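Numbering (our numbering), first residue to last: 245 to 485.
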């Protein structure tokens, strides 16, 4: 009976309100960034939208580890990628200004892609070596004065709930700028909305912020060990059920 009621709630209440709030947030971001700073308008409207979306989807949120972060420090946040709601969880509840490193294909999403571009998020171009160099260069311009970046180094959402190997882009960026890496463990998102599904399942999501890992003085030789260390820290925080 609960599943039937939630099905009607999802289609008659959640999706209409979500679509409306998404359009309003995108327009606010585009206009705000046009007349003001993307440091403010590129982050806060979307953060409010993300909190609203999680509440609207009847999701319970728990966060841990905010005390480990310095508001004035820029970081490279590295998170596992369980599902689409990872975005809302991090945007709404990380409580630290950042720019996404996101797939280039997301720029094609009507209105939302334009809003992301206006907000100063960095689209990753993996089509060539020059594209990757340009991506890293754009990211470096954004990361200062407490503005950080968030990366899903697995590259895509998991299909089985398990964490997959990391790509090295985020770690290369952290080494180049000597920024601390902060592992983030996301739990629960996989069960909320599975990949290739449009049916939501109300539940609980947890965001765990781990201790920052300094990268000062590290070189490319340290990267494999750094990636492995970060992977294991995130994995240890996962609910293996």
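Think of the CB as a built atom: it goes at the ideal place given N, C-alpha and C, for glycine as much as any other residue. Since this is a predicted model, take the numbers as computed values, not measurements.
If you compare the alpha carbons of 415, 261, 470, 340 with that of residue 284, the shortest gap goes to 340. If only uninterrupted beta strand (DSSP E) runs of at least 3 residues are considered, those enclosed by the segment 295-383 are 304-308, 320-323, 342-347, 366-368. The distance from the Cβ of residue 342 to that of residue 394 is about 5 Å, consistent with a contact at the 8 Å cut-off. Spatial neighbours of residue 310 in its own chain (CB-CB distance under 7 Å, excluding positions within 5 residues in sequence) are listed in chain order as 339, 453.
Straight through space, the alpha carbons of residue 386 and residue 302 are spaced by roughly 34 Å. Beta bridge pairing from DSSP links residue 395 with 322. By the Cβ rule, the segment 313-329 does not count as touching the segment 351-360, because fewer than three pairs are nearer than 8 Å.
Non-local C-beta neighbours of residue 456 in its own chain, meaning closer than 6 Å and more than five positions away in sequence, comprise 424, 426, ordered along the chain. Taking C-alpha positions only, residue 403 is separated from residue 438 by approximately 8 Å. Inter-segment contact for the segment 266-274 and the segment 290-304 is present: three or more beta-carbon pairs are separated by less than 8 Å. Bounds of any beta strand (DSSP E) do not take in residue 458, whose DSSP letter is neither H nor E. For residue 328, same chain residues with a beta-carbon under 6 Å away, outside a window of 5 residues either side, are 437 in chain order. In the structure shown, residue 249 adopts helical secondary structure according to DSSP, grouped into three states. In the assembly as shown, residue 389 is an exposed residue. Its beta-carbon has fewer than 16 other beta-carbons within 10 Å. Across the structure, residue 441 and residue 467 are spaced so that their CA atoms are roughly 35 Å apart. In this chain, the alpha helix (DSSP H) harbouring residue 417 covers 413-421. Considering only 469, 451, 458, the residue with the shortest C-alpha distance to residue 324 is 451. Excluding the 5 residues flanking it on each side, residue 272 has same chain C-beta neighbours closer than 6 Å at 289, in chain order.
Taking 8 Å as the cut-off, the beta carbon of residue 458 is found no closer than this to the beta carbon of residue 250.
The Cβ neighbour count for residue 478, taken over all protein chains shown within 10 Å, is at least 16; the residue is labelled buried. In the structure shown, residue 427 adopts extended strand secondary structure according to DSSP, grouped into three states.
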